[in-house]
Amino acid sequence: MSVPPFTFEVSTDIAQVATNIDMIYNQGHGHKNNHVDYFLSINSSSGLRQFFRKQARFFVDQQEPFQPLELQQAYAMLEWGMNWCVASNEMQYLIIHSAVLAKDDKAIIFPAPPGSGKSTLTTYLAFNGWRLLSDEMALIVPYTKLVKPFVRPICLKNRSISLAKEWFPNGRFSSIARDTHKGDVIHLAPPQGSWEGASRIAKIVGIVFPQYTPNVQLEIYNLNQTQAFMQLAQNAFNFGVIGKDGFDTLTDIIEEVPAFELRYNNLEKVSEFLQQDILSDAT
């Protein structure tokens, strides 16, 4: 399964996993590639455990990084496992826990902790004219402002599941993984245009820290360089590992790219702000 810039070989004996892969990735990059970066397997448990409570086990290159999960959570476990592979091993990038979306190859990154509404915002933008590069990871090339796409499905949780299905009833949704450590979880394939742009890099022109706030249509806060640096560093998977490369890359970005914190409940107004106040001023 080619998911630029990486290739995964996935084996499974769980029908739900195979069905979801085919449905989510069949219009993307599900073809075979001679080079494989990660050999993954996700299979139902064997031995005595299978008779009492069927579970799924995830392995990467014969390592098992996670505890077994309920069988109905297997597909979500695979997606989380793919995230783990990249975050734990790909030190040629500065990796930020962030959504990344672009227009005209001008990218805005959206670092945010769980519960911020990031993935709901990502879904809205991706299905309203923006190109999704990632819902989870900004893969930044060191000493540049270039970000590589890692196009995969958007992970939606709890109330955002029903919202997305209401907004985009023709979307390609995975089965629901219920009662995970994140609550109920579903994965939504991005639009075809995002798959088609999966090998096209973009230039970071803005940083936005989103926070869904029920009683606020849109409030915009400019962040100074120190604030933006600290928040970005806190959201970096490998900032402490790649050392000077990470520090210098973040510093260069912060010195040249505006950063904002948004509190909002109106996605249309957020989109207007992004286009009128960030993209239109970017070179």
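When the letters of the sequence shown are read in order and numbered with my numbering, they come out as residues 4 to 286. Where is the CB? At the ideal position from N, CA and C, for every residue including glycine.
- Residue state for A239 is assigned as strand, using DSSP reduced to three classes.
- Secondary structure remark: continuous beta strand (DSSP E) runs of at least 3 residues inside the stretch 155-224, in chain order: 157-160, 180-183, 186-191 and 205-215.
- The stretch 174-194 makes contact with the stretch 127-135; the number of CB pairs closer than 8 Å reaches 3 or more.
- Look at the stretch 6-94 and you find these whole runs of alpha helix (DSSP H), each 4 residues long or longer: 18-28, 52-55 and 77-92.
- Bounds of any alpha helix (DSSP H) do not take in K109; it lies within the beta strand (DSSP E) bounded by K109 to P114.
- Sixteen is the threshold: since fewer than 16 other Cβ atoms of the shown chains lie within 10 Å of the Cβ of N227, the residue is exposed.
- In the three-state scheme derived from DSSP, where H, G and I count as helix and E and B as strand, M4 is classed as coil.
- Remark: C-beta atoms of I164 and T126 do not approach each other more closely than 8 Å.
- Taking the Cα positions, V144 is about 44 Å away from R56.
- Per DSSP, the unbroken beta strand (DSSP E) holding E264 starts and ends at A262 to Y267.
- The stretch 260-267 makes contact with the stretch 211-227, as at least three CB pairs between them are under 8 Å.
- A residue is called buried when at least 16 other Cβ atoms come within 10 angstroms of its Cβ; E139 meets this threshold and is buried.
- Scanning S283, T183 and F242 for the CA closest to the CA of A90 turns up F242.
- Around the beta-carbon of E82, 16 or more other beta-carbon atoms lie within 10 Å, marking it buried.
- Contact annotation: V154 and I112 have beta-carbon atoms that are not nearer than 8 Å.
- Considering only Y96, S283 and Y224, the residue with the shortest C-alpha distance to L142 is Y96.
- Per the coordinates, the alpha-carbon of R162 lies some 9 Å from the alpha-carbon of D187.
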